[in-house]
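Chains as they are written, first to last, in the numbering used here: chain A, 1 to 112; chain B, 1 to 189. Encoded as structure tokens, the structure appears first; notes follow it.
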Amino acid sequence: MDKILAGPADLGPFAAASEPLGDALSRRINADPENVAQGLAQLVLTIVELLRQLMERQALRRIDSGTLTDDQIERMGSTFMELDRAMTELREQFGLEAEDLNLDLGPLGRLL
Amino acid sequence: MIELLAIGEPDAAAEPPVRAVPSDGVTVLCAEAPEGERTADDLWRREALVERLLETGPLLPVRLGTFVADEDAAAAAVAGRGAELRERLEHVRGAVELSVRIQPAGEPGDLRARATLLAAAEAAHEALAAIARDSVERPGPELLRAAHLVERDAMDRFVGRVRELQHAHPDLAILCTGPWPAYSFAEAR
Numbered sequence: 001m002d003k004i005l006a007g008p009a010d011l012g013p014f015a016a017a018s019e020p021l022g023d024a025l026s027r028r029i030n031a032d033p034e035n036v037a038q039g040l041a042q043l044v045l046t047i048v049e050l051l052r053q054l055m056e057r058q059a060l061r062r063i064d065s066g067t068l069t070d071d072q073i074e075r076m077g078s079t080f081m082e083l084d085r086a087m088t089e090l091r092e093q094f095g096l097e098a099e100d101l102n103l104d105l106g107p108l109g110r111l112l
Numbered sequence: 001m002i003e004l005l006a007i008g009e010p011d012a013a014a015e016p017p018v019r020a021v022p023s024d025g026v027t028v029l030c031a032e033a034p035e036g037e038r039t040a041d042d043l044w045r046r047e048a049l050v051e052r053l054l055e056t057g058p059l060l061p062v063r064l065g066t067f068v069a070d071e072d073a074a075a076a077a078v079a080g081r082g083a084e085l086r087e088r089l090e091h092v093r094g095a096v097e098l099s100v101r102i103q104p105a106g107e108p109g110d111l112r113a114r115a116t117l118l119a120a121a122e123a124a125h126e127a128l129a130a131i132a133r134d135s136v137e138r139p140g141p142e143l144l145r146a147a148h149l150v151e152r153d154a155m156d157r158f159v160g161r162v163r164e165l166q167h168a169h170p171d172l173a174i175l176c177t178g179p180w181p182a183y184s185f186a187e188a189r
């Protein structure tokens, strides 16, 4: 079913944000006894990722409102980059992909 | 097991495989639930059923994966909520849901660049919301993800506005999909 009414010629910017429907259907937090550490890490990292995205969005709004000095913006930039790097490291340690950090909240949609 | 598809008006008619169950002044539209694990094809088949129903009158689509034992249970699922549901049906009458997602067109850049893009995306969202009967921003991985309830007659104007905004903001990628049943507007907020 073709549902695109208007869009850029290159859908690349949306490719990373959309996953095959089948993957979304089979997504579960893994709570097998053997994998309980990974399941727990997945849950905790998902929450941290949510906070990171909220903080970043808040930061973007503050930057745009012009209430921050260049110095503050610079420092925030490095903080977010550092946080991003730390998250990637943690994910790799637990064998998780970026798209594993999400939860289906039923009627509320996807968490991230 | 039957799956609930949508809530329609009291006189909503259905042809097989959809069944119409009247209850509390509305109609519960449902169908036999498919067996086994859901596939993407099952979802598109379900979507096609709901969209065909949409051609006959206003509809409140029911969340995916809502199963009940039989038609009595389907009727019971809305019993006592008729007035609220009829009000919601009025809210979506003659309108469809259009989804708008906005991303940076190129590399996201530094914080300052992203702040400018987010502000532009939010301004574009406001411009589109002005054409819609109702709008809601939804959480998502994109810069901005929103659903708009748009009157059928205003659809062309809405899509035209999306194209204008895209033209005015080459640094943004704006994707508009639809028309969808009013998934994001079925519940009172």
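For glycine and all other residues, C-beta sits at the position ideal for the given N, C-alpha and C. Values in this document were obtained by computation on a predicted structure and should not be read as measured data.
- Would you report the Cα separation of B:P58 and B:S135, rounded to the nearest angstrom? 18 angstroms
- Three-state class that DSSP yields for B:V96 in the structure shown: strand
- Around the C-beta of A:M76, are 16 or more other C-beta atoms found within 10 angstroms, so that it is buried, or is it exposed? buried
- Task: Spell out whether any CB of chain A is found under 8 angstroms from the CB atom of B:D110.
- Result: yes
- Query: Taking Cβ-Cβ distances shorter than 8 angstroms, what residues in chain A pair up with B:R163?
  - Reply: Close to B:R163, with beta-carbon spacing below 8 angstroms, are these residues of chain A in chain order: A6.
- Assign B:R63 to buried or exposed, taking buried as 16 or more other Cβ atoms, counted over all protein chains shown, within 10 Å of its Cβ. With fewer than 16 other Cβ atoms within 10 Å, it is exposed.
- Message: Would A:I63 pass as an interface residue toward chain B - the criterion being a Cβ-Cβ separation below 8 angstroms?
- Response: yes
- Could you spell out where the beta strand (DSSP E) holding B:T177 opens and where it closes? L172 to W180
- Message: Taking only three categories from DSSP, how would you classify B:E71?
- Response: helix
- Where B:D72 and B:L43 are concerned, what is the direct C-alpha to C-alpha distance, given to the nearest angstrom? 25 angstroms
- Task: Compute the beta-carbon to beta-carbon distance between B:E164 and B:I102, rounded to the nearest angstrom, for a pair I have assumed lies under 8 angstroms.
- Result: Actually they are not in contact, since the Cβ atoms of B:E164 and B:I102 sit about 14 angstroms apart, beyond 8 angstroms.
- Item | Any 3 or more C-beta pairs closer than 8 angstroms across the region 107-123 of chain B and the region 60-79 of chain A | Flag = yes, the region 107-123 of chain B and the region 60-79 of chain A touch.
- Interface partners of B:C30 on chain A, CB under 9 angstroms: Here the premise fails: no neighbours, minimum Cβ distance about 18 angstroms.
- Task: Say whether the region 148-156 of chain B touches the region 92-101 of chain B, bearing in mind that this needs 3 or more beta-carbon pairs closer than 8 angstroms, one atom from each stretch.
- Result: yes
- Query: What is the DSSP secondary structure of B:L29, counted as helix, strand or coil?
  - Reply: strand
- Task: Measure the Cβ-Cβ separation of B:L49 and B:V21 and say whether it is below 8 angstroms.
- Result: no
- Task: Tell me whether B:L85 is buried or exposed, calling it buried when 16 or more other Cβ atoms sit within 10 Å of its Cβ.
- Result: buried
- Within its chain, find whatever has a CB closer than 8 angstroms to the CB of B:L89; leave out the 5 residues flanking it on each side and keep chain order. I7, G8, E9, V26, P58, L59 and L60
- Query: What do you get for A:D70, buried or exposed, if any count of 16 or more other CB atoms within 10 angstroms of its CB means buried?
  - Reply: exposed
- 8 angstroms Cβ cutoff met for B:T66 and B:L4: Contact check for B:T66 against B:L4 passes: the beta carbons are separated by less than 8 angstroms.
- Can you list, in chain order, the residues of its chain whose CB lies under 7 angstroms from that of B:V159, leaving out five sequence neighbours each side? Result list for B:V159: C176, in chain order.
- Query: Cβ of A:A86 less than 8 angstroms from any chain B Cβ?
  - Reply: no
- Message: Since A:M87 and A:V48 should fall inside the 8 angstroms C-beta cutoff, what is the C-beta to C-beta distance between them, to a whole number of angstroms?
- Response: 7 angstroms
- Message: Output needed in chain order: residues of the region 41-59 of chain A with a Cβ under 7 angstroms from some Cβ in chain B.
- Response: For the region 41-59 of chain A, which is checked against every Cβ of chain B, the residues closer than 7 angstroms are A59.
- 8 angstroms CB neighbourhood of B:A127 in its chain, flanking five on each side removed: R161 and L165
- Message: To the nearest angstrom, how far is the alpha carbon of B:I131 from that of A:L5?
- Response: When rounded, the distance between both Cα atoms is 16 angstroms.
- Rounded to whole angstroms, what's the CA-CA distance from B:L111 to B:H125? Just pull it up for me. 21 angstroms
- Query: For the beta strand (DSSP E) that contains B:S135, what are its first and last residues?
  - Reply: D134 to R138
- Task: Count the other CB atoms, across all protein chains shown, that sit within 10 Å of the CB of A:V36; report buried if there are 16 or more and exposed otherwise.
- Result: exposed
- Task: Identify which residue in B:A76, B:D41, B:R46 and B:I174 has its Cα closest to the Cα of B:R145.
- Result: B:I174
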